[in-house]
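Here the sequence shown is numbered in my numbering, starting from 622 and rising by one per residue.
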Amino acid sequence: MKLLIVEDDTALSKSIADYLIIEGHLCEIAENLKQALFKTADNTYDCIILDIGLPDGSGFEVIRELKANRLTSGVLILSARNSLNDKLHGLNIGADDYLTKPFHLAELSARINSIYRRHNLEGQNEISFNEIRVNTEGKQAWVNNILLNLTRKEYELLVFFIINAKRIITKESIVEHLWGDEVILTDSFDFVYTHVKNLRKKIMTVGGKNYIKSIYGFGYKFSDD
Ligand code: CA
């Protein structure tokens with residue numbers, strides 16, 4: 622993927638770039654709004670990692686310019702802690718996702734991949750992982766062609782796992798993606814465990830493999846490794 626990191630904290634942008642380059646991505650960096658607008662006018666990026674508080678203006682300007690020019694880059698907002706308004710505003714004007722500072726680089730990488738797959742799933746309504754098949758239009762899933770009887774949350778969890786397959790996913794990111802901000806301030810995410818346990822059981826009952834690996838103290842990984 623070709624990525625643009627817009628961030629005035631140069632130590633942070635460098636550590637993000639170092640990490641994502643090792644993962645095989647191409648990374649460019651813009652240190653302020655002016656550089657970001659200059660680069661996005663001339664280049665196409667798969668995803669833009671966008672800080673909002675820039676020294677010469679707001680990162681929201683970058684999203685507005687992209688939309689005005691009908692560019693389809695994915696946008697991941699890096700927001701300061703507790704700035705719910707920034708997150709909501711960013712999503713309203715067209716950002717794909719947000720991540721609150723400080724964050725794990727593995728989490729950032731997973732989010733970027735998720736945005737990429739979402740953008741690239743357009744026009745397709747089936748995703749699959751070995752014996753598991755999901756129809757995203759009918760919101761149904763099958764294991765070995767046997768239809769699963771999933772709740773809405775279990776279905777969403779399964780899709781989230783498949784599009785982030787082989788990556789570590791934190792419990793926090795599962796909560797943010799499936800439940801949104803309303804429960805993010807609670808300190809116990811035990812309810813995630815219950816949903817994961819039920820989903821795993823439903824998959825295995827009809828002969829599916831156990832792909833949902835628990836990563837102690839961190840979250841989960843959906844993988845056939
Ligand atoms: Ca900043």
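Glycine included, each C-beta is placed from N, C-alpha and C at the ideal position. Since the model is a prediction, treat every value here as computed from it, not as a measurement.
When C-alpha distances from Glu747 are compared across Lys774, Leu779, Leu729, the shortest belongs to Leu779. Chain order is used for the residues whose beta-carbon lies nearer than 5 Å to a heavy atom of ligand 1, namely Asp629, Asp672, Gly674. Taking one beta carbon from each stretch, the segment 766-773 and the segment 704-713 have fewer than 3 pairs nearer than 8 Å; the two do not touch. Residue pairing from DSSP places Ser749 in a beta bridge opposite Arg754.
Boundaries of the beta strand (DSSP E) around Phe843: 840-843. Taking the C-beta atoms as reference points, Ile753 is found no nearer than 7 Å to Cys668. In the three-state DSSP reduction, Leu771 falls in the coil class, being neither helix nor strand.
Excluding its 5 nearest sequence neighbours in each direction, Ile714 has C-beta neighbours in its own chain below 8 Å: Phe681, Ile684, Arg685, Lys688, listed in chain order. Rounded to the nearest whole angstrom, the C-alpha separation of Ala786 and Asn831 is 13 Å. Bounds of the beta strand (DSSP E) holding Asp672 are 668-672.
In the three-state DSSP reduction, Thr661 falls in the helix class (H, G or I).
Between Ala662 and Ile650 the beta-carbon gap is near 16 Å, outside 8 Å, which marks them as no contact. Under the three-state reduction of DSSP, Val817 is assigned to helix.
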